[in-house]
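First comes the structure, then the notes that go with it.
Residue numbers (the working numbering): 1 to 172.
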């Protein structure tokens, strides 16, 4: 029960999805760097973690969705997530504990989200601690921290959270 993913200091974890639907429509497909949906898995990045897609949506880190366990998600390194449609650097479900002392960079053609807590309400709530940088740039919707439908959250920010939108976002 449980488990962990660790990307050590000096390590590089890179996913590049070059797939494009034959119709050349760029909103197709979903690419993941680390996906532990429905499981209790912790994630720690002390190195470089990157996910880029030529089409569709990127969830660089998707884990959580266990309302009974507050699993730790820690970034002390660099996380880069890039796609022409939607990008979620961290898609964490319910009852997560997120700590960032590093850099999170999101570039999206449509919607970009740095950290997204979603799912059902949990007695544990969410913990968000940022002393690093979360930088989101998107063509239409840019969100640094998105918490969907929860009470009892603990949000601490002593770093930078930057969300910018604009036509011609440099997603590729």
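Glycine is no exception: its CB is placed at the ideal position from the N, C-alpha and C atoms.
* Asked: Should residue 80 be labelled buried (16 or more other beta-carbon atoms within 10 Å of its own) or exposed?
  -> buried
* residue 134: first and last residue of the uninterrupted beta strand (DSSP E) it sits in -> 133–138
* Asked: If you draw a straight line from the C-alpha of residue 71 to the C-alpha of residue 159, how long is it?
  -> 22 Å
* Answer with buried or exposed for residue 162, where buried requires no fewer than 16 other C-beta atoms within 10 angstroms of its C-beta. => exposed
* Determine which residues share a DSSP beta bridge with residue 173 and list them. => Only positions 1 to 172 of the chain appear in this structure, which leaves residue 173 out of reach.
* Would residue 50 count as contacting chain D if we go by Cβ distances under 7 Å? -> Among the chains of the structure shown, chain D does not appear; only one protein chain is present.
* Nearest-angstrom beta carbon gap, residue 139 and residue 108 [assumed within contact, 8 Å] -> 7 Å
* For residue 104, which residues of its own chain have a beta-carbon under 6 Å away from its beta-carbon, when the five flanking residues on both sides are left out? -> 79, 89, 114 and 134
* Asked: Smallest Cα separation from residue 12: which of 3, 49 and 41?
  -> 49
* Asked: Does DSSP put residue 41 in a helix, in a strand, or in coil?
  -> coil
* Ordered along the chain, which non-local residues of its own chain (more than five positions away) have a Cβ less than 6 Å from that of residue 15? -> 33 and 51
* Asked: The beta strand (DSSP E) spanning residue 16 covers which residue range?
  -> 12–17
* Asked: Where do the N-terminal and C-terminal ends of the beta strand (DSSP E) with residue 52 fall, by residue?
  -> 48–53
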